[in-house]
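Protein chains in written order, with full-length UniProt numbering: chain F, 1 to 340; chain D, 1 to 340. Report on one structure; see the data block that follows.
Protein chains: 2
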Amino acid sequence: MVTIAEVARHAGVAASTVSYVLSGKRSISSDTRARVQRSVQALGYRPNASARALASQRANVLALVVPLRTGMHVPVMMQFATSVVTTARRFDHDVLLLTADEGPEGLERVAQSSLVDALVVMDVELHDERVPVLRELPMPSVLIGYPADADGLTCIDLDFVAAGAQCVDHLADLGHHSIALLGTPSAVYERQTGFAQRTLTGFVDAAGRRGVLGVETPCEHTFDAVLHTVEQLLRDHPGITGLVVQNEPIIGPLLDVLRRLGRRVPEDMSLVAICADDVAESQVPRLSSVTIPAEQIGLQAVESLITKLEGGSVPALTLLPPGLTARASSSQPTGHIGSP
Amino acid sequence: MVTIAEVARHAGVAASTVSYVLSGKRSISSDTRARVQRSVQALGYRPNASARALASQRANVLALVVPLRTGMHVPVMMQFATSVVTTARRFDHDVLLLTADEGPEGLERVAQSSLVDALVVMDVELHDERVPVLRELPMPSVLIGYPADADGLTCIDLDFVAAGAQCVDHLADLGHHSIALLGTPSAVYERQTGFAQRTLTGFVDAAGRRGVLGVETPCEHTFDAVLHTVEQLLRDHPGITGLVVQNEPIIGPLLDVLRRLGRRVPEDMSLVAICADDVAESQVPRLSSVTIPAEQIGLQAVESLITKLEGGSVPALTLLPPGLTARASSSQPTGHIGSP
DNA sequence: CTGAAAGCGCTAACAG
DNA sequence: CTGTTAGCGCTTTCAG
Numbered sequence: 001m002v003t004i005a006e007v008a009r010h011a012g013v014a015a016s017t018v019s020y021v022l023s024g025k026r027s028i029s030s031d032t033r034a035r036v037q038r039s040v041q042a043l044g045y046r047p048n049a050s051a052r053a054l055a056s057q058r059a060n061v062l063a064l065v066v067p068l069r070t071g072m073h074v075p076v077m078m079q080f081a082t083s084v085v086t087t088a089r090r091f092d093h094d095v096l097l098l099t100a101d102e103g104p105e106g107l108e109r110v111a112q113s114s115l116v117d118a119l120v121v122m123d124v125e126l127h128d129e130r131v132p133v134l135r136e137l138p139m140p141s142v143l144i145g146y147p148a149d150a151d152g153l154t155c156i157d158l159d160f161v162a163a164g165a166q167c168v169d170h171l172a173d174l175g176h177h178s179i180a181l182l183g184t185p186s187a188v189y190e191r192q193t194g195f196a197q198r199t200l201t202g203f204v205d206a207a208g209r210r211g212v213l214g215v216e217t218p219c220e221h222t223f224d225a226v227l228h229t230v231e232q233l234l235r236d237h238p239g240i241t242g243l244v245v246q247n248e249p250i251i252g253p254l255l256d257v258l259r260r261l262g263r264r265v266p267e268d269m270s271l272v273a274i275c276a277d278d279v280a281e282s283q284v285p286r287l288s289s290v291t292i293p294a295e296q297i298g299l300q301a302v303e304s305l306i307t308k309l310e311g312g313s314v315p316a317l318t319l320l321p322p323g324l325t326a327r328a329s330s331s332q333p334t335g336h337i338g339s340p
Numbered sequence: 001m002v003t004i005a006e007v008a009r010h011a012g013v014a015a016s017t018v019s020y021v022l023s024g025k026r027s028i029s030s031d032t033r034a035r036v037q038r039s040v041q042a043l044g045y046r047p048n049a050s051a052r053a054l055a056s057q058r059a060n061v062l063a064l065v066v067p068l069r070t071g072m073h074v075p076v077m078m079q080f081a082t083s084v085v086t087t088a089r090r091f092d093h094d095v096l097l098l099t100a101d102e103g104p105e106g107l108e109r110v111a112q113s114s115l116v117d118a119l120v121v122m123d124v125e126l127h128d129e130r131v132p133v134l135r136e137l138p139m140p141s142v143l144i145g146y147p148a149d150a151d152g153l154t155c156i157d158l159d160f161v162a163a164g165a166q167c168v169d170h171l172a173d174l175g176h177h178s179i180a181l182l183g184t185p186s187a188v189y190e191r192q193t194g195f196a197q198r199t200l201t202g203f204v205d206a207a208g209r210r211g212v213l214g215v216e217t218p219c220e221h222t223f224d225a226v227l228h229t230v231e232q233l234l235r236d237h238p239g240i241t242g243l244v245v246q247n248e249p250i251i252g253p254l255l256d257v258l259r260r261l262g263r264r265v266p267e268d269m270s271l272v273a274i275c276a277d278d279v280a281e282s283q284v285p286r287l288s289s290v291t292i293p294a295e296q297i298g299l300q301a302v303e304s305l306i307t308k309l310e311g312g313s314v315p316a317l318t319l320l321p322p323g324l325t326a327r328a329s330s331s332q333p334t335g336h337i338g339s340p
């Protein structure tokens with residue numbers, strides 16, 4: 001590998017001059033700059049990352065901690081990771097991939113060894129044991145999610161409360177009076193991954209505000225669970241005409257179950273999903289949905305980190321507003337058209 | 001951050017002794033070893049990654065290049081990535097995440113700057129422009145997939161030819177005489193991502209060998225495409241009683257389409273899918289399937305890289321044998337029971 | 001505007 | 001078995 005010294009010799013300048021040409025941290029006569037750049041090209045010089053990191057105290061690497069088992073939809077996670085990598089590259093950083101199973105110790109490891117100079121942690125739970133660790137780490141971090149005690153930390157997330165409310169409002173606006181939230185598996189609520197609970201809060205509050213009946217039930221990922229849950233729901237609340245679904249894997253089975261039960265969508269049952277756009281669009285009928293803006297969250301997360309690394313300050317909490325796209329799966333409830 | 005010099009002073013030894021205690025690269029009296037270890041603990045010492053990399057010429061980081069847009073099922077990809085990270089950690093390495101859109105230049109960048117000391121490249125196409133680059137790189141790499149010219153490279157993949165054949169054999173063993181392969185979208189074949197073509201090869205060869213009719217058709221990911229494709233297939237070949245599916249996203253729609261067309265599974269139509277186990281098991285009925293051993297491929301990839309890094313040699317091509325699990329979606333063709 | 005020189009924190013000969 | 005020393009390749013004062 002060619003070193004900075006070789007480039008310097010080739011260009012007839014000092015190594016520091018080469019460094020400064022590359023970093024632009026002091027002004028260089030256009031003459032020597034050109035000469036150095038030609039030498040860099042000619043020799044195919046690439047600065048050694050470790051040497052640079054050691055001397056500058058900056059690895060130019062961000063850690064990305066992804067969940068392993070989670071209620072989170074995998075493609076959304078991947079979209080998110082992709083967005084983090086892409087954005088990091090725009091700021092000349094690379095991304096080190098960590099899995100959540102390394103736990104708090106893993107964060108300490110990469111941070112304290114200066115392998116990375118900032119961290120993005122996904123799928124943060126309400127009482128996440130990594131939160132206190134992050135607070136003590138000698139470098140900035142951004143959490144995707146929203147722990148109970150977020151003091152001194154930077155969090156970014158979709159505004160799930162607003163998302164839940166938006167679904168209710170959409171259905172209420174259409175004239176529905178009885179609706180249900182088909183939620184994530186109960187394990188997700190128990191783990192207190194904030195997002196499921198916050199959606200529920202938004203759903204319940206909005207239902208109250210709009211004066212509609214809003215019932216709620218968790219749902220596991222198997223076909224049988226969906227069938228059983230929906231049957232039970234319709235037995236207990238026969239008047240339900242609208243469903244909000246926050247559980248991507250059951251969307252297919254749910255449509256199937258409704259078909260089996262003889263409920264047409266949207267004539268007999270309106271549906272609004274909280275899911276990725278491509279999932280909503282690939283169903284029959286295409287689903288009205290609130291998108292999880294994975295790409296935007298990733299972008300925001302990295303931009304916040306870079307700002308912090310440069311000494312800037314960022315808001316402690318960024319809640320991205322949800323956007324509801326009405327598609328074919330929601331309409332006025334049949335037989336109630338025109339009712340108040 | 002505490003340095004090796006501080007640990008050395010605290011323990012009353014030389015810095016090199018601390019280094020040797022940590023690396024175990026030479027024998028240390030149990031007395032000083034204990035003393036050093038106590039100091040390491042007491043001070044909470046973590047070796048600086050850049051300094052270590054610079055001095056030892058080893059970053060202890062592997063690059064993982066993941067595809068962005070691909071015919072590959074995302075959860076499988078994620079499984080794979082997870083396996084790579086987990087295995088890398090077992091060998092005391094970390095993983096740098098790169099996306100395919102950085103192209104060959106991205107590989108050169110991380111390799112020539114010594115950011116990583118080996119690479120895993122996923123979703124390698126038949127005529128992948130990264131292949132010649134990898135060949136020239138001054139460090140080992142492993143490809144997941146199987147390019148046309150794999151000379152001098154190490155490749156690992158599922159044996160898709162065998163997978164295609166195994167599906168045919170399974171159905172032929174059950175007594176089916178006319179079967180079809182529902183493949184990936186035609187774009188995937190055109191991109192010549194080897195796996196789709198190799199499955200097709202195995203399917204066609206085995207059908208010939210077993211003397212059964214084997215027809216083949218690509219299929220896009222939309223519901224309408226599935227409906228259209230299956231209708232066309234059954235119109236052209238009404239005798240078909242068995243389907244091999246290599247296209248994870250259409251599995252749900254396909255089951256739905258068959259139901260609509262009044263074909264029961266497996267009574268009227270047997271199904272074998274090439275997909276992840278959890279997908280096969282979450283369908284109704286549970287699908288007979290050939291698994292993509294993502295976890296094992298990831299493990300194998302990292303182990304090969306580590307072996308190469310240590311100067312060992314590994315086979316140029318490792319094709320992991322497919323494993324078929326018979327579940328509820330395949331049976332003898334009704335009305336043909338007992339026929340030869 | 002440029003060069004010389006002092007580290008960054010660690011590893012690995014080399015010497016004893 | 002342990003210590004001394006010379007780098008690894010770069011950045012960044014300090015001097016001019």
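Note that CB positions come from ideal geometry on N, CA and C, so glycine has one too.
Is any beta-carbon of chain D found at less than 8 Å from that of residue i?
{"i": "alanine 8 of chain F", "result": "no"}
{"i": "serine 289 of chain F", "result": "no"}
{"i": "arginine 46 of chain F", "result": "yes"}
{"i": "histidine 228 of chain F", "result": "no"}
{"i": "histidine 336 of chain F", "result": "At histidine 336 of chain F the pLDDT is 42, less than 50, meaning the model places this residue with poor confidence; the figure from the coordinates comes in the next sentence. By this cut-off, histidine 336 of chain F is not an interface position."}
{"i": "serine 30 of chain F", "result": "no"}
{"i": "aspartate 123 of chain F", "result": "no"}
{"i": "glutamine 112 of chain F", "result": "yes"}
{"i": "phenylalanine 80 of chain F", "result": "no"}
{"i": "serine 50 of chain F", "result": "yes"}
{"i": "valine 21 of chain F", "result": "no"}
{"i": "histidine 127 of chain F", "result": "no"}
Is residue i helix, strand or coil by DSSP?
{"i": "serine 330 of chain D", "result": "coil"}
{"i": "aspartate 117 of chain F", "result": "coil"}
{"i": "residue 370 of chain D", "result": "Nothing about residue 370 of chain D can be reported from this structure: the residues present for chain D run from 1 to 340 only."}
{"i": "leucine 243 of chain F", "result": "strand"}
{"i": "threonine 128 of chain D", "result": "Note that residue 128 of chain D corresponds to aspartate in the displayed sequence, not to threonine. Here aspartate 128 of chain D sits in coil by DSSP."}
{"i": "valine 2 of chain F", "result": "coil"}
{"i": "aspartate 224 of chain F", "result": "helix"}
{"i": "methionine 139 of chain F", "result": "coil"}
{"i": "aspartate 151 of chain F", "result": "coil"}
{"i": "alanine 8 of chain F", "result": "helix"}
Could you give the C-beta distance for residue i and residue j, rounded to a whole number, given that I count them as a contact under 8 Å?
{"i": "alanine 206 of chain D", "j": "valine 168 of chain D", "result": "4 Å"}
{"i": "valine 120 of chain D", "j": "alanine 301 of chain D", "result": "5 Å"}
{"i": "alanine 328 of chain D", "j": "arginine 260 of chain D", "result": "Alanine 328 of chain D to arginine 260 of chain D, Cβ: 20 Å. No contact."}
{"i": "serine 113 of chain D", "j": "arginine 46 of chain F", "result": "5 Å"}
{"i": "valine 204 of chain F", "j": "histidine 177 of chain F", "result": "Not quite, the Cβ-Cβ distance comes to about 16 Å (not below 8 Å), so this is no contact."}
So if DSSP puts residue i in a beta bridge, which residue, or which two residues, is it bridged to?
{"i": "glycine 214 of chain D", "result": "D:Ile179"}
{"i": "threonine 318 of chain D", "result": "D:Ile156"}
{"i": "aspartate 94 of chain D", "result": "D:Val61"}
{"i": "serine 29 of chain F", "result": "Paired residue(s): none; serine 29 of chain F is not in a bridge."}
{"i": "threonine 325 of chain F", "result": "F:Ser289"}
{"i": "isoleucine 144 of chain D", "result": "D:Ile156"}
{"i": "valine 272 of chain D", "result": "D:Val244, D:Ser288"}
{"i": "valine 66 of chain F", "result": "F:Thr99"}
For chain F, check one thing: does any of its Cβ atoms lie closer than 8 Å to the Cβ of residue i?
{"i": "leucine 182 of chain D", "result": "no"}
{"i": "phenylalanine 95 of chain D", "result": "The amino acid at residue 95 of chain D is misidentified as phenylalanine; the sequence shows valine. Closer than 8 Å to some Cβ of chain F, the Cβ of valine 95 of chain D qualifies, so yes."}
{"i": "proline 266 of chain D", "result": "no"}
{"i": "glutamine 332 of chain D", "result": "no"}
{"i": "proline 132 of chain D", "result": "no"}
{"i": "threonine 87 of chain D", "result": "no"}
{"i": "leucine 43 of chain D", "result": "no"}
Where the region 268-289 of chain D meets chain F: residues whose CB sits under 7 Å from a CB there: Ser282, Val284
Residues of the region 236-257 of chain D in Cβ contact with chain F at a cutoff of 7 Å, in chain order, please. Gly252, Asp256
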